[in-house]
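Just add 1 to wherever you are in the sequence shown, counting from 1, and you've got the numbering used here. By construction, the Cβ of each residue, glycine as well, lies at the ideal position given by its N, Cα and C atoms.
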Amino acid sequence: AKCVELIQSKSCGPILIRTAWHDSGTYDMANKSKGFPNSGGAIGSIRTPHEIDAPPNAGLKKALDVYLTPIKNDLEKDGLVISWADLIQLASATAVEVMGGPKIPMKYGRVDGTPTELAPAPFGLPAAFPDSPAQHLRDVFYKYDSMSDEDIVALSGAHTVGRAFADRSGTVAEGSAAGQGTAYTKRGAAE
Numbered sequence: 002a003k004c005v006e007l008i009q010s011k012s013c014g015p016i017l018i019r020t021a022w023h024d025s026g027t028y029d030m031a032n033k034s035k036g037f038p039n040s041g042g043a044i045g046s047i048r049t050p051h052e053i054d055a056p057p058n059a060g061l062k063k064a065l066d067v068y069l070t071p072i073k074n075d076l077e078k079d080g081l082v083i084s085w086a087d088l089i090q091l092a093s094a095t096a097v098e099v100m101g102g103p104k105i106p107m108k109y110g111r112v113d114g115t116p117t118e119l120a121p122a123p124f125g126l127p128a129a130f131p132d133s134p135a136q137h138l139r140d141v142f143y144k145y146d147s148m149s150d151e152d153i154v155a156l157s158g159a160h161t162v163g164r165a166f167a168d169r170s171g172t173v174a175e176g177s178a179a180g181q182g183t184a185y186t187k188r189g190a191a192e
């Protein structure tokens, strides 16, 4: 309920989705044999200065400090415990639903972690302006083992929600793909 109220009152769904993606996007199947937490993934490691202060995560500190920390603190005051890893993913799944997307079933029990071998930025995330965009996206996302071109297109479509800010992307003063940028629409996906 607290996440729903937050997303509706602050229109912060897009930044919560981006935060969850950037936290989970550190997963690399090449490191799978190294086990937790060294394979990366949705482990709440985006909270570390090494990750949150890196250029690919510009602007995401607001999601943690302004939006999610008060929720986590309120839950703890009520005697409830939730890991950062779960809270970040829960906020994203809730944002998708509140913004008109599908309900994403949540599984809880993620443990917060920080890899002992810190990956260099951009943490396996795509570059903003690669020379060969399609091949670059394949090179980045095939690290997940089961991701197809169709999956990559769907994931890239997430950029149709949210707004762009010059201090974060360096590309535009401010704008969004489909009007407000806080709702899932077929029109936005087509743009």
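heavy atom of the ligand ATP below 8 Å from residue i C-beta
i	result
residue 17	In the structure shown, the ligand ATP is absent, as is every other ligand, since no ligand is present at all.
Test item: CB-CB of residue i and residue j under 9 Å
i	j	result
residue 110	residue 27	no
residue 115	residue 15	no
residue 47	residue 29	no
residue 113	residue 84	yes
residue 45	residue 18	no
residue 1	residue 105	The first residue shown for the chain is 2 and the last is 192, placing residue 1 beyond what the model contains.
residue 135	residue 4	no
residue 162	residue 107	no
residue 92	residue 8	yes
residue 226	residue 118	Nothing about residue 226 can be read from this structure; the chain reaches only from 2 to 192.
Minimum Cβ-Cβ distance from residue i to chain C less than 9 Å
i	result
residue 155	No chain C appears in the structure shown, which is made up of a single protein chain.
DSSP state of residue i mapped onto helix, strand, coil
i	result
residue 82	coil
residue 11	helix
residue 42	coil
residue 147	coil
residue 29	coil
residue 68	helix
residue 154	helix
residue 118	coil
Given residue i as reference, the closest of the options once Cα atoms are compared
i	options	result
residue 11	128, 55, 32, 69	69
residue 141	55, 8, 31	31
residue 76	20, 2, 152, 147	2
residue 43	36, 80, 22	22
residue 40	150, 13, 145	145
First through last residue of the alpha helix (DSSP H) which encompasses residue i
i	result
residue 134	134–142
residue 47	Taken as a continuous stretch (DSSP letters only), residue 47 belongs to no alpha helix (DSSP H), as it is neither H nor E.
Nearest-angstrom Cβ-Cβ length linking residue i and residue j, presumed shorter than 8 Å
i	j	result
residue 61	residue 53	6 Å
residue 128	residue 137	6 Å
residue 57	residue 123	4 Å
residue 20	residue 86	Actually they are not in contact, since the Cβ atoms of residue 20 and residue 86 sit about 12 Å apart, beyond 8 Å.
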